[in-house]
Each structure stands twice: as C-alpha cells, then as structure tokens.
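J.:
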Ligand SMILES: [Zn+2]
Ligand SMILES: [Zn+2]
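Written as structure tokens, this is what we have:
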C-alpha cells in the first residue's frame, strides 16, 4: 500500500494557532479503518484542549465530532464496507471489559487502545498521540472500526458529525443518565449543540415543561423552535427564581448542566424538585468543587456526572439516527456556520465567540 497522508490542522502549542501540515497515517491494522473526512463540528471539548485547559501531549490533531466515507478496511473488519458513509464517535467500546458488558461502555477499561493511538499518526516521521482516538481535523482518520456507524443517504454528513458528539450527548443525557419520563419538567442550562440535543430529547420523552437557559438570545430562540416551553436569560434574570416562577415553586424533575461551570452545577441542583436529578454533562476543570445543600439532598435529590450521557455507542446512536430520519430529532438546525480546514484558526475563534450553535469544518 502507498503511504497514506492527509492535510491536517496540527496543534503544536496550546493557545497558539494551528498550522496546516501533511501528516502520515499508518496502514489500518486488525479491526481498524481509514475514513476520508467529510464534516467536523467544533465541540467545546476541542476548544478546551486547544486552549490548554486540559493537558494533552503535543503535537496533536484535535477534532472528534466527525463523519466521512470508509476508504480502507484492515483485517477482521466486517461491520462496514469500503464506500460506506459513516459517522464517528469517540466513545469506542472494546465490547469485552466489565464496563462494556455491563452497558456502561463510556467507562471502558481497554488498555490497548492508548497504545494503538500512539502508533497511528506521525509528523515528519515522528509518531504523535492521536486525540480521543479520532483526530478529525485532517483529511483522513485512522479509527477503531467500533468508532464508526453507517448512516443512510437521508442523513447529511453534517448531521452525521453532530450525531457523533453533541446531539447524541444531549439526547443520551436525557434518555440514559436522567432517565426522563413523560410529564416531567426539565431544565437545560446551556443551549449549544449538547443543550439543544437535550431540549429535543426532553420533548421526545413527553416532558410537560422544558425550560432552556442561555445568555445568547439566538440560542434561546433556537431552543424555543426545537421544543422549549420557556426560556430564561441568566444575565438579566435570577435563574432559581425564574425556575420557581415557571414551575410554581416546585422546581424541576431533571436539570441538565451543559456548560461546564461548577457554579451552574450548584444552581442546577438547587433548582430540583424533591426526588429530582441534576446531570452534569459539561466538562469542568477536574480540580473544581461543587457544594450541595444537605437539606436539599435529604429529599431524594441527586447530582450525577455523565460522560456523553453514558451513550452505548453501537446501540443508542443508530436509534438516534433513526429518530433524525423520522423527524423526532433534528441535527440540521444545529450546524449554523461553515469554514474550510485552511481557516481553522478563524473557525475556532468563531466557535469560542458563541455567535452560532455549531461551527463546522467542511472538507
Ligand atoms: Zn464533543
Ligand atoms: Zn470495554
């Protein structure tokens, strides 16, 4: 096989601009595929790593919310064919460890994965660590076959990319971690891609009241058009008081924190009705602390963290794909701005400024 190369946005130093360079991919090994990238969404997680908020060895190539077309298959891959349109998810089950077998595969303990991620990509002959098993800001991705899920023709590459992270995270947070039931009240804090996924999923569960809070007017408007019954501007309204007014003092059954702010996590918990559950899906600095009132905790309220809504990749995402085809979930309204890979630094600035919902890189 001829050497496999790709133009990629390489991060050499957190906080500094990325540079477009040619990287090399090794041949796909057993259980691996090469996917030609079609669309990538800029996720908040990528922005955190680009700024150095969470440490990661550099150089690397960021990006994990992606879609594309299968170009090569390594030995032993039967789930997908060359030419398949696929979405990519960074929650990759090994299918064999205790966590995977218990259905909590976001806590997969496969130790061989990191080793594979260190040998897949190189720059000028020097291997570097692949980011989240994906490194999507490149023309090609070398992936575990379990990271890809075929998508039908009705699903655009953009929708596929969004189903690879934000839309799925929001939906799985409501369906899995919050286990929301019909008639419940739901508060969603933060209406980016994840929050708007949660709003739609809350509507799909038959929530009686869906309150969406975000400082950006255009995001609150998007929440209303996707199913929110009430909106709150936290910059001009006191959030707990506004929630109490809307719910008649009772508080909400489910609160979702999709920002990654410890202070908002405390607000989410304090907004709960007795027996309610606050789910923290936003990524917070790992040394931050969250205070909860023991008095509120006593009445059955819970505060729980969640990695990607505890998605069961190969089980849940195909179901969400069917919901997008069926119209119960929508992805297209979340992709609001598009940039080419060559303008990656402007695209990252644009995503940080929160002027749209999702900033997409088009290949
Ligand atoms: Zn993400
Ligand atoms: Zn596993």
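Numbering (my numbering), first residue to last: 12 to 374.
Think of the CB as a built atom: it goes at the ideal place given N, C-alpha and C, for glycine as much as any other residue.
(1) Please name the residue, chosen from 36, 88 and 103, that lies closest to residue 72 on a Cα-to-Cα basis.
(2) What is the DSSP secondary structure of residue 33, counted as helix, strand or coil?
(3) May I ask which residues mark the beginning and end of the alpha helix (DSSP H) holding residue 357?
(4) Just to confirm, is the Cβ distance from residue 228 to residue 18 under 8 Å?
(5) By alpha-carbon positions, which one of 350, 75, 94 and 323 ends up nearest to residue 82?
(6) At the level of alpha carbons, what is the spacing between residue 34 and residue 154?
(7) In the DSSP assignment, what residue or residues form a beta bridge with residue 313?
(8) Check for me: the alpha helix (DSSP H) holding residue 57 runs from which residue to which?
(9) Give the secondary structure of residue 305 by DSSP, where H, G and I count as helix, E and B as strand, and everything else as coil.
(10) Say whether the segment 163 to 174 touches the segment 55 to 69, bearing in mind that this needs 3 or more beta-carbon pairs closer than 8 Å, one atom from each stretch.
(11) Cβ of residue 179 versus every heavy atom of ligand 1: is any distance shorter than 7 Å?
(12) Just mark residue 29 as buried or exposed, buried being the case when its beta carbon has 16 or more other beta carbons within 10 Å.
(13) If you measure from the CB of residue 75, is any heavy atom of ligand 1 nearer than 7 Å?
(14) Quick check on residue 220: does DSSP put it in helix, strand or coil?
(15) What is the DSSP secondary structure of residue 319, reduced to helix, strand or coil?
(16) Using a Cβ-Cβ cut-off of 8 Å (strictly less than) and excluding sequence neighbours within five positions of residue 299, which residues of its own chain qualify?
(17) Expressed to the nearest angstrom, what Euclidean distance is found between the alpha-carbon atoms of residue 121 and residue 105?
(18) Ligand 2 and residue 220: does the residue's C-beta get closer than 7 Å to at least one heavy atom of that ligand?
(19) Can you tell me the Cα-Cα spacing of residue 135 and residue 141, whole angstroms?
(20) What separation, rounded to the nearest whole angstrom, lies between the Cα atoms of residue 247 and residue 23?
(21) Measuring CB atoms only, is the segment 188 to 208 touching the segment 121 to 131, in the sense that at least three cross pairs come out at less than 8 Å?
(22) DSSP three-state call for residue 161: helix, strand or coil?
(23) For the putative contact between residue 224 and residue 321, defined by C-beta atoms under 8 Å, what is the C-beta separation to the nearest angstrom?
(24) Tell me whether residue 12 is buried or exposed, calling it buried when 16 or more other Cβ atoms sit within 10 Å of its Cβ.
(25) Are residue 117 and residue 160 closer than 8 Å when you measure CB to CB?
(26) Please report the distance separating the alpha-carbon of residue 331 from that of residue 207.
(27) Heavy atom of ligand 1 less than 7 Å from the Cβ of residue 56, yes or no?
(28) Under 7 Å from any heavy atom of ligand 2, does the C-beta of residue 107 make it?
(29) Can you tell me the Cα-Cα spacing of residue 374 and residue 282, whole angstroms?
(30) May I have the straight-line CA-CA distance separating residue 86 from residue 345, to the nearest angstrom?
(31) Does the beta-carbon of residue 100, which I'm using as the reference point, lie nearer than 7 Å to any heavy atom of ligand 1?
(32) So is the beta-carbon of residue 319 under 7 Å away from any non-hydrogen atom of ligand 2?
(33) Alpha carbon to alpha carbon, how far is residue 339 from residue 270?
(34) Check whether the Cβ atoms of residue 313 and residue 291 sit closer than 8 Å, and answer yes or no.
(35) Alpha carbon to alpha carbon, how far is residue 348 from residue 79?
(36) With a Cβ-Cβ cutoff of 8 Å, do residue 3 and residue 197 count as a contact?
T.: Short version:
(1) Your numbering for residue 72 matches position 61 in the chain shown. It is 36 whose Cα lies nearest to the Cα of residue 72.
(2) Your numbering for residue 33 matches position 22 in the chain shown. Correct three-state label for residue 33: strand.
(3) Taking the first residue of the chain shown as position 1, residue 357 is located at position 346. Counting along the chain, the alpha helix (DSSP H) containing residue 357 begins and ends at 355 to 363.
(4) Counting from 1 along the chain shown, the entry for residue 228 is found at position 217. Counting from 1 along the chain shown, the entry for residue 18 is found at position 7. Cβ distance not < 8 Å, so residue 228 and residue 18 don't count as in contact.
(5) Position 71 of the chain shown holds residue 82. The shortest C-alpha to C-alpha distance from residue 82 to any of 350, 75, 94 and 323 is the one to 94.
(6) Position 23 of the chain shown holds residue 34. Position 143 of the chain shown holds residue 154. One C-alpha to the other measures close to 15 Å.
(7) Looking up residue 313 in the chain shown gives position 302. Looking at the DSSP assignment, residue 313 forms a beta bridge with 288.
(8) Within the chain shown, residue 57 is the residue found at index 46, counting from 1. Following the DSSP letters along the chain, one finds residue 57 inside the alpha helix (DSSP H) bounded by residues 55 to 62.
(9) Residue numbering aside, residue 305 sits at position 294 when the chain shown is read from its first letter. DSSP places residue 305 in helix when its eight states are reduced to three.
(10) Contact between the segment 163 to 174 and the segment 55 to 69 is not established, with fewer than three Cβ pairs separated by less than 8 Å.
(11) On the chain shown, residue 179 is found 168 positions in, with the first residue counted as 1. Taking 7 Å as the cut-off, one finds no heavy atom of ligand 1 near enough to the beta carbon of residue 179.
(12) Here residue 29 is taken as the residue at index 18 of the chain shown, counted from 1. It counts as buried.
(13) Position 64 of the chain shown holds residue 75. Because some heavy atom of ligand 1 lies under 7 Å away, the Cβ of residue 75 counts as near it: yes.
(14) Translated into positions along the chain shown, residue 220 becomes position 209. Residue state, collapsed to three classes: strand.
(15) Numbered from its first residue, the chain shown carries residue 319 at position 308. It is helical.
(16) Stepping through the chain shown from its first residue, residue 299 is reached at position 288. If we look at residue 299 and ignore the five residues flanking it on each side, its Cβ neighbours are 273.
(17) On the chain shown, position 110 is the one that residue 121 refers to. On the chain shown, position 94 is the one that residue 105 refers to. Our two residues, residue 121 and residue 105, have alpha carbons roughly 6 Å apart in a direct line.
(18) Residue 220 sits at position 209 when you count from the first residue of the chain shown. It does not: the Cβ of residue 220 is nowhere closer than 7 Å to a heavy atom of ligand 2.
(19) One-based indexing of the chain shown puts residue 135 at position 124. One-based indexing of the chain shown puts residue 141 at position 130. Going from the Cα of residue 135 to the Cα of residue 141 covers about 15 Å.
(20) The sequence position of residue 247 within the chain shown is 236, counting from 1. The sequence position of residue 23 within the chain shown is 12, counting from 1. Residue 247 and residue 23: Cα-Cα distance of roughly 40 Å.
(21) Flag = no, the segment 188 to 208 and the segment 121 to 131 do not touch.
(22) Indexing the chain shown from 1 puts residue 161 at position 150. Residue state, collapsed to three classes: strand.
(23) Taking the chain shown and counting its residues from 1, the one referred to as residue 224 is at position 213. Taking the chain shown and counting its residues from 1, the one referred to as residue 321 is at position 310. The Cβ separation is near 23 Å, so there is no contact.
(24) Mapped onto the chain shown, residue 12 falls at position 1. Within 10 angstroms of the beta-carbon of residue 12 lie fewer than 16 other beta-carbons, which makes it exposed.
(25) By one-based count along the chain shown, residue 117 stands at place 106. By one-based count along the chain shown, residue 160 stands at place 149. Their beta carbons are not under 8 Å apart, which means residue 117 does not touch residue 160 by this criterion.
(26) In the chain shown, the residue the question calls residue 331 occupies position 320. In the chain shown, the residue the question calls residue 207 occupies position 196. In a straight line, the C-alpha of residue 331 is about 14 Å away from that of residue 207.
(27) On the chain shown, position 45 is the one that residue 56 refers to. At least one heavy atom of ligand 1 is found less than 7 Å from the C-beta of residue 56.
(28) The residue you call residue 107 lines up with position 96 of the chain shown. Residue 107 Cβ: within cutoff of ligand 2.
(29) As a working note, residue 374 is residue 363 in the chain shown. As a working note, residue 282 is residue 271 in the chain shown. Distance between the alpha carbons of residue 374 and residue 282 is about 43 Å.
(30) Position 75 of the chain shown holds residue 86. Position 334 of the chain shown holds residue 345. In this structure, the alpha-carbon of residue 86 lies about 36 Å from that of residue 345.
(31) Along the chain shown, one-based indexing puts residue 100 at 89. Every heavy atom of ligand 1 is 7 Å or more from the Cβ of residue 100, so no.
(32) Here residue 319 corresponds to residue number 308 of the chain shown, with the count starting at 1. Distances between the C-beta of residue 319 and the heavy atoms of ligand 2 are all 7 Å or more.
(33) For the purposes of this step, residue 339 is taken as residue 328 along the chain shown, with counting starting at 1. For the purposes of this step, residue 270 is taken as residue 259 along the chain shown, with counting starting at 1. In a straight line, the C-alpha of residue 339 is about 24 Å away from that of residue 270.
(34) Residue mapping note: residue 313 aligns to position 302 of the chain shown, counting from 1. Residue mapping note: residue 291 aligns to position 280 of the chain shown, counting from 1. In this structure, residue 291 does not lie closer than 8 Å to residue 313 by Cβ.
(35) Numbered from 1 along the chain shown, position 337 holds the residue referred to as residue 348. Numbered from 1 along the chain shown, position 68 holds the residue referred to as residue 79. Their backbone Cα atoms lie some 19 Å apart in a straight line.
(36) Nothing about residue 3 can be read from this structure; the chain reaches only from 12 to 374.
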